[in-house]
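In the working numbering, the protein residues as written are 8 to 194.
Think of the CB as a built atom: it goes at the ideal place given N, C-alpha and C, for glycine as much as any other residue.
The model shown is predicted, which means the values in this text are computed figures rather than measured ones.
Presented below is the structure to which this report refers.
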């Protein structure tokens with residue numbers, strides 16, 4: 008924290024001594040806020056790494072960031088998902104889970120308990136969205152449906168004897184994670 012505040016103090020002193028400009032101080036404040044926001048996104052990932060006790064840069068890179076929800080999926084738009092970080096170490100799959108009233112919780116699933124590991128494709132009908140001029144200035148909410156009557160979503164489904172765990176991300180990331188899980192299960 009001190010490393011991000013120190014440049015702001017230097018900029019304020021330079022401005023007070025008529026050496027600096029107000030634009031430099033403004034830029035430093037904006038950069039500091041951006042750094043803090045970036046660190047807030049990384050905090051749950053770092054908590055998982057500390058709880059699992061990962062050491063080394065190679066192991067830290069294995070942590071995947073996915074979206075998570077319970078149960079089977081029929082349509083992506085009806086879901087309430089939360090961001091999760093997952094890693095396979097030893098004989099277990101660890102992932103962080105944000106519960107509504109309890110905060111961040113570390114979940115672990117033994118690889119021996121997994122009955123099914125599969126990537127499922129869900130096709131949903133959507134009304135095609137045609138781009139407009141205002142989309143250049145206002146963020147588009149339904150960007151995935153631009154010019155498409157059907158929408159393809161991919162989910163990684165992990166099934167144990169009593170639960171179904173579902174993760175959402177781009178297909179390539181899910182397929183790589185599925186291979187990683189199956190490879191760890193075969194060991």
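- Annotated three-state conformation of residue 11 is helix, per DSSP.
- Distances from the CA of residue 106 to each of 74, 125, 89 and 14 were compared; the closest alpha carbon is that of 89.
- In the displayed model, residue 63 falls within coil according to three-state DSSP, outside both helix and strand.
- When DSSP reads this structure, residue 160 sits in a beta bridge with 129.
- Residue 187 sits in a helix when the DSSP states are folded into three classes.
- Shown here for residue 111: same chain residues with a beta carbon closer than 8 Å to its own, the five before and five after excluded, namely 51, 54, 103, 104 and 105 in chain order.
- Under the three-state reduction of DSSP output, residue 134 falls in the coil class, being neither helix nor strand.
- Here the stretch 53-71 makes no contact with the stretch 158-168; the two share fewer than three CB pairs at distances below 8 Å.
- Nearest to residue 49 by C-alpha distance, out of 70, 182 and 191, is 70.
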